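Data first, discussion second: the structure below is written as structure tokens.
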Amino acid sequence: MSVVDQYKKRVAQKALQLDSEQYKAALALDDLSQKLINKKTQKSLLSLIKSIFTTPKGIQGIYFHGRVGRGKTMLMDLFYQQLSITRKKRIHFHHFMESVHQMLNEFSGKDNPLVHIADIWAKDVDLLCFDEFFVNDIGDAMLLAGLLKAMLSNGIVLVATSNCPPEDLYKNGLQRERFLATIEIIRQYCQVISIDGPKDHRLIATDAKLPGYRDYCILTSYQNNFLLQHFNTLSTANVRYDDHILIHGRAIEFIACSDKTIWFDFMALCSSPRSQRDYIKLADNYTTVLVSNVPEFNGELIPAVFSGVEDSYQRSGVLMGQLRGLDDEARRFIALVDEFYDRGIRLIIEAEVDIDQLYQGTQLNFEFARCRSRLFEMQRLSYS
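Dropping the structure here:
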């Protein structure tokens, strides 16, 4: 069943509201599906030669963008699931870059390591799907132009979703002039489609108070009674309290832990220097994560050092007694929610305020809009 047919079926079942921008994207994805299938069935030498010399114009990929809740991931799901080719790979962008950095270590000392990485991918993949194409790391930014050029010129077709158009990727990033070539490569090898619009489809159901949604957990007491009840319900065996786990050689203190469920205080999980890699590892090992004492990220200045993380702050150059805002913690919280959302991890939190009031700062409004929308989506009983 085509992407358009699946989309129409969901609209008829009242699972979706008809959205003209989504429908246009579905048409473009169906067109790409047919081109990929035709390429797969090409058998004559003439057709093969023609397909080689018409890349990238022969089969352009798709880069579609729009603000949070516009159905980008849903459309990617419909496209990927119905596509009847085997040489395809869907991966979250952060996971892809993690694998690239690992391979770079393996090819250390070799000439043109990015070409070697592109060759490895091209051996197994004709279609590469990136969900959440978002660049905020300078190391990733400096690699992407050479990497994408090597991969896409090798015949790999790219389909990517993003919250922003190509020209806004890595906006205001360090040495951004070196990233501009990446934008040009995306535009050369991909059809850029906007599915922006006023509706956040994740919030429509919750605004209408439809069944199938959990109540959001509001922190009313710092005794953690709510999470304690949940932890006791979810825990099965090998329960430990007030201990730590090691991730990438660094300790993270936890309140309680069992085989597949773990409970942290927010500051232990998001205040010390952490990266997406840490949250990837947590998602590898646990199916449910509980987080206590999630603050309101309001931009107010707070003491720089919290109990249990003094060493981490001194190593990072932050002096004891300094005051600072919570934007670093908010960034880590966003990364945590992104990873758990993508992996289907059940996230249970206690917070000072409701979802709509979690971020009251100014620097991360764009990024936190996605986080807020995903927290709403993660309350669906159908999630995970």
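Under the working numbering, the residues of the sequence shown are numbered 8 to 391, in order.
All C-beta atoms in this analysis are idealised placements derived from N, C-alpha and C, irrespective of residue type, glycine included.
All values reported here derive from a predicted model rather than from experimental measurement.
Item: On the DSSP bridge assignment, give the partners of Q270 in chain order.; Value: According to the sequence as given, residue 270 is Trp; it is not Gln. Answer by DSSP bridge pairing, in chain order: A263, L297.
Item: Give me the Cβ distance between N300 and D272, rounded to the nearest whole Å; I'm assuming they're in contact under 8 Å.; Value: 6 Å
Item: If you follow the alpha helix (DSSP H) that Q198 is in, where does it begin and where does it stop?; Value: Not the alpha helix (DSSP H): Q198 falls in the beta strand (DSSP E), residues 197–201.
Item: K16: buried (16+ other C-beta within 10 angstroms of its C-beta) or exposed?; Value: exposed
Item: Please state whether the Cβ-Cβ distance between L150 and M158 is less than 9 Å.; Value: no
Item: With distances taken Cα to Cα, identify the nearest neighbour of C197 among H255, K178, P280, G68.; Value: G68
Item: Can you say whether Y248 is buried or exposed, counting buried as having 16 or more other CB atoms within 10 angstroms of its CB?; Value: exposed
Item: Quick one: what does DSSP say K46 is sitting in, helix, strand or coil?; Value: helix
Item: What's the gap between the Cα of G180 and the Cα of D334?; Value: 17 Å
Item: Roughly how many whole angstroms lie between the Cα atoms of A376 and I362?; Value: 10 Å
Item: Counting only runs that start and end within the stretch 69–112, where is the alpha helix (DSSP H) found for 4 or more residues in a row?; Value: 79–89
Item: Measuring CA to CA, which of S169, D175, D126 is closest to S160?; Value: D126
Item: Using a threshold of 9 Å, state whether the C-beta atoms of F340 and I200 are closer than that.; Value: no
Item: Rounded C-beta distance between L36 and F100? I'm assuming under 8 Å.; Value: No, L36 and F100 are not in contact; Cβ-Cβ is about 18 Å, not under 8 Å.
Item: Please confirm whether A337 and L297 have their CB atoms less than 9 Å apart.; Value: no
Item: Is the beta carbon of L90 less than 9 Å from the beta carbon of L135?; Value: no
Item: A22: which of N45, M81, Q283, A32 sits nearest, CA to CA?; Value: M81
Item: Rounding to the nearest angstrom, what Cα-Cα distance links V11 and A33 in this structure?; Value: 5 Å
Item: With DSSP as the reference, please indicate the residues paired to C136 in a beta bridge.; Value: R97, V166
Item: So the candidates are F304, I287, L241, G76; which of them puts its Cα closest to the Cα of S278?; Value: F304
Item: Among I202, W270, E357, D138, which residue has its Cα nearest to the Cα of S27?; Value: I202
Item: Closest to R97 by C-alpha separation, out of W128, S115, E260, R77, would be which residue?; Value: W128
Item: Out of I92, V75, R74, H102, which has the shortest C-alpha to C-alpha gap to Q41?; Value: I92
Item: For G146 and F186, I'd like the C-alpha separation in whole angstroms.; Value: 11 Å
Item: With a 10 Å radius around its C-beta and 16 neighbouring C-beta atoms as the bar for buried, classify D349 as buried or exposed.; Value: buried
Item: To the nearest angstrom, how far is the alpha carbon of S380 from that of V75?; Value: 7 Å
Item: Quick check: the Cα distance between Q29 and D38, rounded to an integer number of angstroms?; Value: 14 Å
Item: What are the start and end residues of the beta strand (DSSP E) that includes L253?; Value: 247–254
Item: On a Cα-Cα basis, can you pick out the residue from Q364, I163, I44, E374 that is closest to K130?; Value: I163
Item: Anyone know if the C-beta pair for F140 and L111 falls short of 9 Å?; Value: no
Item: Following the continuous alpha helix (DSSP H) through L354, name the residue where it begins and the one where it ends.; Value: First-last for L354: 353–358, but that is the beta strand (DSSP E), not the alpha helix (DSSP H).
Item: Output the distance between the C-alpha atoms of A290 and H123, rounded to the nearest integer angstrom.; Value: 29 Å
Item: Relative to the C-alpha of Y366, which residue among I355, R353, L382, I352 is closest?; Value: L382
Item: Whole angstroms is fine: what's the gap from E174's alpha carbon to G73's?; Value: 13 Å
Item: Is it the case that the Cβ atoms of L253 and I259 are separated by a distance below 9 Å?; Value: yes
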